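*Asks:*
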């Protein structure tokens with residue numbers, strides 16, 4: 027049986043994610059006739075790439091991948107979404123150590139956050155740092171890391187370690203390239219491995235930035251951090267930096283796990299598909315990274331977590347297990363590596379928080395669930411004049427749930443042994459406070475969250491964003507720095523458009539574009555009315571939004587889009603001024 031990989035670059039924004047599912051279902055049906063199957067697929071890099079991995083008895087893997095390619099393309103092109111093939115290749119013959127790859131990918135994703143935080147610390151210019159990180163990963167990741175840096179800066183111990191790392195790198199280069207921290211962390215894990223083996227099999231795990239990885243290895247050698255040898259060997263300076271990074275990583279781990287960057291870390295290494303039967307009888311796809319993520323978020327040591335999962339997988343007898351069996355088995359493995367019972371208690375508490383936490387609502391007691399948090403958030407959102415994007419709601423609910431879970435877990439070692447007799451009571455007021463704070467941090471314009479806010483104020487806020495957009499767009503040049511001004515300008519105009527379409531803008535440019543395109547579709551159907559008349563420019567606005575999505579991934583300044591964005595910003599300001607003039611005239 028052979029195995030192949032197909033990577034398609036998606037040229038246009040997918041606003042309906044069910045399209046990708048439909049494309050995969052169509053491929054599965056075609057492949058089943060040949061005895062072939064898809065063993066993994068995913069949308070990566072903000073929906074700009076589709077990755078498909080197949081197993082087949084056929085000797086001609088490339089021909090089969092061509093069938094997969096044409097079927098996916100047929101579904102997407104029906105909806106005006108173009109694709110371009112980046113990779114179509116056999117991946118047989120590389121004997122990769124699955125456990126090692128698992129650990130290296132984990133380290134890569136965690137240490138990418140270290141890269142970002144260290145860059146912010148070195149530059150001491152938040153705006154410049156966010157622009158740099160955004161250009162190599164994405165804007166959301168940059169802002170999340172900036173928030174984490176702010177939290178870390180308040181901790182004296184973490185700040186001292188961070189300064190040590192920053193000073194070490196500044197001694198080597200005034201502005202070290204992104205990826206150095208990730209690369210040192212990963213290479214420190216494989217010291218002694220033949221360099222040729224690492225470059226052939228594990229180079230993908232070096233860092234996640236859009237920078238040539240081979241060039242990063244050469245940079246480390248040039249900086250004197252990696253020995254020029256046939257095996258992977260850090261120099262004394264490299265080992266010192268590796269130790270400092272390890273300290274920094276451990277100090278930041280709990281804070282890092284509040285972020286969402288780990289969710290996608292291990293998609294391509296779950297080659298053996300299994301399923302979990304949930305308590306309600308539904309089947310859920312088994313993904314080993316979900317278990318690792320849960321363990322680390324529960325506060326369990328990384329090494330213990332990885333060893334426990336490895337042991338659990340090696341003894342797993344069936345392709346289908348119950349969620350109860352999964353929980354008890356992992357707990358048993360944790361007891362083996364941590365006989366104190368701390369790790370197993372924390373894990374059981376984390377996975378079954380609803381059994382232990384009670385929320386006091388008025389004079390009643392409610393079980394702590396996502397549904398309860400959603401209900402409380404909905405109550406807070408109801409009086410608002412503008413809508414909140416659903417993706418922002420989901421982020422807030424998850425963060426609030428995680429925060430309560432982490433607070434309550436301080437009692438885990440007492441609660442788990444007494445599970446039938448012990449509960450932790452939390453006031454509804456705390457959940458409301460967390461929801462309000464989460465909302466304030468997740469919206470670009472928190473000043474528009476006041477209930478009953480005047481429409482004139484809303485229009486003036488949108489106008490201010492458009493003025494900011496024009497300022498940034500006028501600063502745009504064809505350099506990498508100019509590109510960042512270009513993206514900021516597009517972010518501001520899209521945020522203003524969201525307000526004019528009666529939605530509060532979130533902090534993710536890509537997600538905002540998707541929300542806006544859906545909203546414009548509703549406007550075409552006549553189901554919503556924007557605050558200003560956009561009929562004349564509807565086509566141009568749609569074109570700008572779709573083009574913005576492409577520009578973000580190409581990392582280049584498009585002069586035509588720049589001119590269009592400037593023109594639309596000016597026209598929207600004029601439209602707002604017209605509405606404001608009429609409003610003041612009626613009031614006067």
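In the numbering used here, the protein residues as written are 27 to 614.
Note that CB positions come from ideal geometry on N, CA and C, so glycine has one too.
Quick caveat: nothing in here was measured; it's all calculated off a predicted structure.
Alpha carbon to alpha carbon, how far is residue 174 from residue 457?
*Replies:* Your numbering for residue 174 matches position 148 in the chain shown. Your numbering for residue 457 matches position 431 in the chain shown. Cα-Cα distance, rounded: 22 Å.
*Asks:* Take residue 414 and list the residues in its own chain whose beta-carbon comes closer than 6 Å to its own, dropping the five residues that flank it on each side.
*Replies:* Stepping through the chain shown from its first residue, residue 414 is reached at position 388. Only 407 and 530 meet the Cβ criterion.
*Asks:* In its own chain, which residues sit with a C-beta less than 6 Å from the C-beta of residue 535, not counting the 5 before and 5 after it?
*Replies:* Taking the chain shown and counting its residues from 1, the one referred to as residue 535 is at position 509. Hits under 6 Å: 165 and 517.
*Asks:* Quick one: Cα of residue 358 to Cα of residue 512, how far?
*Replies:* Position 332 of the chain shown, counted from the first residue, corresponds to residue 358. Position 486 of the chain shown, counted from the first residue, corresponds to residue 512. Cα to Cα, residue 358 sits roughly 53 Å from residue 512.
*Asks:* Please classify residue 527: does DSSP put it in a helix, a strand, or coil?
*Replies:* The residue given as residue 527 occupies position 501 in the chain shown. In the structure shown, residue 527 sits in coil (DSSP, three-state: anything other than H, G, I, E or B).
*Asks:* If you run the structure through DSSP and keep just helix, strand and coil, what is residue 186?
*Replies:* Translated into positions along the chain shown, residue 186 becomes position 160. If DSSP states are grouped into helix, strand and coil, residue 186 belongs with the helices.
*Asks:* Looking at the structure shown, is residue 552 part of a helix, part of a strand, or coil, going by DSSP?
*Replies:* Residue mapping note: residue 552 aligns to position 526 of the chain shown, counting from 1. Correct three-state label for residue 552: coil.
*Asks:* By the DSSP assignment, the alpha helix (DSSP H) with residue 583 in it spans what residues?
*Replies:* The residue given as residue 583 occupies position 557 in the chain shown. Careful: residue 583 lies outside any alpha helix (DSSP H) and carries neither H nor E.
*Asks:* Please go through the stretch 397 to 476 and give each complete alpha helix (DSSP H) segment of 4 or more residues, from N-terminal end onward.
*Replies:* Whole alpha helix (DSSP H) segments, 4+ residues: 416 to 434, 438 to 441 and 454 to 468.
*Asks:* With respect to the beta strand (DSSP E) encompassing residue 391, which residues constitute its N-terminal and C-terminal limits?
*Replies:* Sequence index remark: in the chain shown, residue 391 carries index 365 (1-based). Here the beta strand (DSSP E) through residue 391 covers 390 to 393.
*Asks:* Assign residue 211 to one of three DSSP states: helix, strand, or coil.
*Replies:* Residue 211 sits at position 185 when you count from the first residue of the chain shown. Residue 211: helix per DSSP, three-state reduction.
*Asks:* Are the beta-carbon atoms of residue 383 and residue 450 separated by less than 7 Å?
*Replies:* The residue labelled residue 383 in the question sits at position 357 within the chain shown. The residue labelled residue 450 in the question sits at position 424 within the chain shown. In this structure, residue 450 lies closer than 7 Å to residue 383 by Cβ.
*Asks:* Which of helix, strand or coil does DSSP assign to residue 232?
*Replies:* If you number the chain shown from 1, residue 232 lands on position 206. Residue state, collapsed to three classes: coil.
*Asks:* Let me know the secondary structure DSSP gives residue 107 once reduced to three states.
*Replies:* For the purposes of this step, residue 107 is taken as residue 81 along the chain shown, with counting starting at 1. Residue 107 falls in the coil class under three-state DSSP.
*Asks:* To the nearest angstrom, how far is the alpha carbon of residue 525 from that of residue 370?
*Replies:* Counting from one through the chain shown, the residue named residue 525 turns up at place 499. Counting from one through the chain shown, the residue named residue 370 turns up at place 344. The alpha-carbon atoms of residue 525 and residue 370 are separated by roughly 47 Å.
*Asks:* Roughly how many angstroms separate the alpha carbons of residue 46 and residue 93, rounded to a whole number?
*Replies:* In the chain shown, the residue the question calls residue 46 occupies position 20. In the chain shown, the residue the question calls residue 93 occupies position 67. For residue 46 and residue 93, the distance between alpha carbons rounds to 16 Å.
*Asks:* What is the rounded straight-line gap between the Cα of residue 499 and the Cα of residue 170?
*Replies:* Locating residue 499 in the chain shown gives position 473, where the first residue counts as 1. Locating residue 170 in the chain shown gives position 144, where the first residue counts as 1. Whole-angstrom Cα-Cα distance: 24 Å.
*Asks:* Roughly how far, in whole angstroms, is the beta-carbon of residue 49 from the beta-carbon of residue 98, given that I think they are within contact range, below 8 Å?
*Replies:* For the purposes of this step, residue 49 is identified with residue 23 of the chain shown, where counting begins at 1. For the purposes of this step, residue 98 is identified with residue 72 of the chain shown, where counting begins at 1. That pair is a contact at about 4 Å.
*Asks:* Take residue 488 as the anchor and find which of 556, 31, 159 and 319 has the nearest alpha-carbon.
*Replies:* Numbered from its first residue, the chain shown carries residue 488 at position 462. The residue with the shortest Cα to Cα distance from residue 488 is 556.
*Asks:* Under 7 Å between the Cβ atoms of residue 417 and residue 522?
*Replies:* Position 391 of the chain shown, counting from 1, holds the residue named residue 417. Position 496 of the chain shown, counting from 1, holds the residue named residue 522. Cβ atoms of residue 417 and residue 522: not closer than 7 Å.
*Asks:* Counting C-beta neighbours from all protein chains within 10 Å, is the total for residue 571 16 or more, i.e. buried, or is it exposed?
*Replies:* Within the chain shown, the letter at position 545 stands for residue 571. By the 10 Å Cβ count, residue 571 comes out buried.
*Asks:* With residue 243 as the anchor, note down where its alpha helix (DSSP H) starts and where it stops.
*Replies:* Residue 243 sits at position 217 when you count from the first residue of the chain shown. Unbroken alpha helix (DSSP H) run through residue 243: 239 to 248.
*Asks:* Does residue 242 pass the burial test, meaning 16 or more other C-beta atoms within 10 Å, or should it be called exposed?
*Replies:* Position 216 of the chain shown, counting from 1, holds the residue named residue 242. By the neighbour-count rule (16 or more Cβ atoms within 10 Å), residue 242 is buried.
*Asks:* Please say whether residue 264 and residue 274 have beta carbons closer to each other than 7 Å?
*Replies:* Stepping through the chain shown from its first residue, residue 274 is reached at position 248. Stepping through the chain shown from its first residue, residue 264 is reached at position 238. Not closer than 7 Å, so no.
*Asks:* Using the Cα positions of residue 58 and residue 100, report the straight-line distance between them to the nearest angstrom.
*Replies:* As a first step, residue 58 is located in the chain shown; it is residue number 32 there, counting from the start. As a first step, residue 100 is located in the chain shown; it is residue number 74 there, counting from the start. When rounded, the distance between both Cα atoms is 18 Å.
*Asks:* Just tell me which of 356, 464 and 367 has its CA closest to the CA of residue 400.
*Replies:* Locating residue 400 in the chain shown gives position 374, where the first residue counts as 1. Nearest of 356, 464 and 367 to residue 400, Cα basis: 464.
*Asks:* Determine which residues share a DSSP beta bridge with residue 101 and list them.
*Replies:* Here residue 101 is taken as the residue at index 75 of the chain shown, counted from 1. In DSSP, residue 101 forms no bridge with anything.
*Asks:* Is the Cβ-Cβ distance between residue 63 and residue 81 less than 7 Å?
*Replies:* Walking along the chain shown from the start, residue 63 turns up at place 37. Walking along the chain shown from the start, residue 81 turns up at place 55. It is a contact, given that the beta carbons lie within the stated cut-off.
*Asks:* DSSP state of residue 352, grouped into three classes?
*Replies:* Here residue 352 refers to the residue found at position 326 when the chain shown is read from its first residue. Note: residue 352 maps to helix in three-state DSSP.
*Asks:* Across the stretch 136 to 148 and the stretch 195 to 211, are there enough close Cβ pairs to call them in contact, namely three or more that are closer than 8 Å?
*Replies:* Contact holds: three or more Cβ-Cβ distances are below 8 Å.
*Asks:* Quick one: grab the DSSP three-state call for residue 379.
*Replies:* Within the chain shown, residue 379 is the residue found at index 353, counting from 1. Note: residue 379 maps to helix in three-state DSSP.
*Asks:* Count the other C-beta atoms from every protein chain shown that fall within 10 angstroms of the C-beta of residue 96, then say buried if there are 16 or more, exposed otherwise.
*Replies:* The count along the chain shown starts at 1 and reaches residue 96 at position 70. Answer is exposed; the Cβ neighbour count stays below 16.
*Asks:* For residue 372 versus residue 325, is the C-beta spacing smaller than 7 Å?
*Replies:* On the chain shown, position 346 is the one that residue 372 refers to. On the chain shown, position 299 is the one that residue 325 refers to. Going by C-beta atoms, residue 372 is nearer than 7 Å to residue 325.
*Asks:* Just the Cα atoms here: how many angstroms apart are residue 603 and residue 152?
*Replies:* As a working mapping, residue 603 is identified with position 577 in the chain shown. As a working mapping, residue 152 is identified with position 126 in the chain shown. Their backbone Cα atoms lie some 33 Å apart in a straight line.
*Asks:* Which residues in the same chain as residue 199 place their Cβ atom closer than 8 Å to its Cβ, once the five residues preceding and following it in sequence are excluded?
*Replies:* Position 173 of the chain shown holds residue 199. So the list reads 249, once near-sequence residues are dropped.
*Asks:* Hey, how far is the Cα of residue 271 from the Cα of residue 137?
*Replies:* By 1-based counting over the chain shown, the position of residue 271 is 245. By 1-based counting over the chain shown, the position of residue 137 is 111. If you take the alpha carbons of residue 271 and residue 137, they lie about 8 Å apart.
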